[in-house]
Amino acid sequence: MSGKGGVGKSTVAAALGMASAGLGRRTLLVEVASQERMSRLFDQRDPIGYHVTPVYPGLDALSVDPQKALEEYLLGQVKVRAVYERMFENRVFGYFAAAAPGLRELVTLGKIRQLLQAGRHDVVVVDAPATGHGLGFLNVPRTFARIARTGPVHGRAKAIAALLDDAQRTAVVLVTTPEELPVGETLEAIEELRGEGFPLAGVIANAVFEDIFDAGDADALAAVEARGAASAAAAAARSRLARTADQREQLERVRPCLAELPFLFEARLDVPAVATLGERLEGL
Amino acid sequence: MILDRVLEGRQVVVCAGAGGVGKTTVAAALGSQLAARGGRVLVLTIDPARRLAGALGLPDHGDDAHEVDLPQNGEAADGRLHAAMLDAQLTFDRLVREEAPSEAAAERILANPIYRQVSSAVAGAHEYMAMERLYELHSSGRYDVIVLDTPPSRNALDFLEAPGRLTRFVEGRALRFLLRPGMRAGRLGFSMVERIAGVTFLRDLSELAAGFEGMYDGFARRAADVSALLASERTTFLLVTVPQVEPLAEADFFWRALRERELPFGGMIVNKVHPGYVEGAPSARTRLRAKAKRALRDAGVPAPTAARAAENLVHYQALADRDRENIVALERRIGSGPIVEVPLLDHDVHDLEGVAAVGRHLFDQAGG
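First to last, the protein sequences are chains A and G. The working numbering puts the first sequence at residues 192 to 475. The working numbering puts the second sequence at residues 50 to 417.
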């Protein structure tokens, strides 16, 4: 799952994870930048960290720390701990890690592939970096397969790229809000994903204002001139009418969507609130 | 008013914050207001949304500065607003051409497969190239003020540590080991990298290292210069956020990071604040629905409409109350640092008119 920053991508990823678990699929929710949003969303007392942690019935979560994923990968390659420890202390190796800036993304994706292969989960929902960064993220295995033309990195990068390219196993979902700039970025991302041949599943529109007023309401409220609570209510209604009209226009640019999720007025995005969003995603 | 004071005499204004909070819009709004006050102003944007880039007169490609047609630019005849977009690849290529000892040496680096990978849109490249471009434009002397929009970093520290990383990247003490595989540490590192990455990768890396030889001093000097510029009184950092919990937590984190590094913090800009509709404490809201419904009925609004409008008012006011609560908590945390609020406008901001509206809100405030 990707999308412009600030559109509620993590919340929607969590909701999709809950919906998937609700349908009896063993689901793993993965965040990739150690931001620990999932531990807050799911009211975990401690950070989730680099451990597969149950957060909801049928749903586990994991926060991938790229550094740890890299160490884990290297340990698997080198096998002898002493050699591996010397390697981490070695400055030449440090330079190698710095000179290959996509390496962290590569081992993060490798970890995800490995978790799928372990067979404990049927579905992995990845809360990927925002679009721009997000597409770079998907491209990393291909790039690595190209620049490391031989050797273990080449083979591994190629296998990860094959997983991401495979429409039977991977679905890229873009999250947007029905606003001009996020929708514009989403349309650009769609173009890019198609051009690069990634399996795009579609768009989920988030934070959509329900259309509670009709044209008759608008006329009746426009006539209100009284002061106090009546004019406040009329002003709030006018603001909502303007916003829903703009949103409708923006939604048309990305429709048909996989789903349209309502804007939540709840004071706090807690587990029940996210679960209501999840219910709307069960058809996917 | 408060921003006039904060920005007085600054040559570099850095707008930082989480993704999606409106950093580019705020940077453009600051730029247009500063230009209206009569300076030569440049807004340097990083990966702007296409619509906004179009509004600023920026083409799809290239990183040249373009003059922005301000709606009301008549007031100050000598004020000019320019906008430019960062192209990390172009910036890095120019840097290599400038610092390489010969043209042939530059071409060797530019053609290296690892260089292509490092310098294009991979994590981190944007941050340090933003710094390099800032350095380039600032030393050109063409602008009185440069407003820098920052990349939507996953981590605020990526950005603050970019000049240091650029230095380390090319400093190359470790690189030199690679070039002398006869040395013990070099041999060990060599064989390790070879085992993991394969021999072609290693050859490309060695060639890149050879290419960078002789350029370290130039890179290090530039990185040191840009670090000094950012830490000086010529610069101010504005943290852009929206009044929701997650982005505020990121702004907090950035604010602490600035303090730890003794970098000049100018203020918080809280964008997209939900406006309130009624006065008084949130505790008085319980009867708001009934009160609004009754008042609307009295004003002649039909009952079903009145019920929906009253319900909507309660929801909208709750958003405003929550934003207020979050901003008050922010004030408590950051103490005397100024906070400037920009209300959520009824329509999305994606053109110069919207940018101008944000600009008016930014500068009209006495500040907290």
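The beta-carbon is built from N, C-alpha and C at its ideal position, and this holds for glycine as well.
For G/V327, the neighbours in chain A by C-beta distance under 8 Å run, in chain order, A420, A423. Of the candidates G/H115, G/N361, G/S281, G/D136, G/S281 places its Cα closest to the Cα of G/V63.
Contact of A/P373 with chain G is assigned, a C-beta pair being separated by under 9 Å. With respect to the C-alpha of A/A421, the residue from G/R357, G/T284, G/T73 having the closest C-alpha is G/R357. By the neighbour-count criterion, in which 16 or more other beta carbons inside 10 Å mark a residue as buried, A/R347 falls on the buried side. Contiguous beta strand (DSSP E) elements confined to the segment 311 to 360 of chain G occur at 314 to 322, taking only those with 3 or more residues. Assigned with DSSP and collapsed to three states, A/T377 falls in helix. Interface annotation, G/P108: not in contact with chain A, CB-CB separation never under 9 Å. With a cut-off of 8 Å on Cβ pairs, the segment 315 to 333 of chain G is in contact with the segment 364 to 374 of chain G, counting three or more such pairs. In this structure, the straight-line span from the alpha carbon of G/T290 to that of A/L261 is close to 33 Å. For the segment 359 to 374 of chain G, the beta-carbon criterion of a distance under 8 Å to any beta-carbon of chain A is satisfied by A359, E360, N361, L362, H364, Y365, Q366, A367, L368, R371.
In the structure shown, the three-state DSSP call for G/V196 is strand. CA-CA distance, G/A179 to G/L254, rounds to 24 Å.
The alpha carbon of A/V445 has as its nearest neighbour, out of A/R431, A/I403, A/E379, A/V415, the alpha carbon of A/E379. Not one beta carbon of chain G lies nearer than 9 Å to the beta carbon of A/V364. When the Cα atoms are used, A/V221 and A/R459 turn out to be separated by approximately 22 Å.
Note on geometry: alpha-carbon atoms of G/L379 and G/V407 lie some 21 Å from one another.
Residues of the same chain with their beta carbon placed closer than 6 Å to that of A/L214 are lacking, with the five preceding and five following residues left out of the count.
No Cβ of chain A is located within less than 9 Å of the beta carbon of G/F141.
When DSSP assignments are scanned along the segment 359 to 417 of chain G, the uninterrupted stretches of alpha helix (DSSP H) that are 4 or more residues long and fall wholly within it turn out to be 401 to 412.
Counting the other CB atoms within 10 Å of its CB gives G/G58 a total below 16, which places it among the exposed residues. Shown in chain order are the members of the segment 391 to 415 of chain A whose Cβ falls below 8 Å from a Cβ of chain G: I403, F404, G407, D408, A411, L412, A414, V415.
The closest CA to that of A/E401, considering only A/F456, A/T361, A/A321, is found on A/F456. The alpha-carbon separation between G/A211 and G/E176 amounts to approximately 6 Å. Positions of the alpha helix (DSSP H) runs, each at least 4 residues long and wholly inside the segment 405 to 444 of chain A, are given as 406 to 413 in order along the chain. A direct Cα-to-Cα measurement between A/D318 and A/V246 gives close to 16 Å. Sequence-distant partners of G/L345 (beyond 5 residues in either direction) whose C-beta falls short of 8 Å from its own C-beta, in its chain, are T354, A355, A358, A359. Only exposed fits G/S151, as fewer than 16 other CB atoms lie within 10 angstroms of its CB. Counting only Cβ-Cβ distances below 7 Å, G/G69 has contacts in chain A at K195, G196, G197, V198, in chain order. Where A/V203 is concerned, there is no enclosing beta strand (DSSP E), although the alpha helix (DSSP H) around it starts and stops at 200 to 213.
Between A/F328 and A/T361, the C-beta gap is not smaller than 9 Å, which leaves the two residues out of contact.
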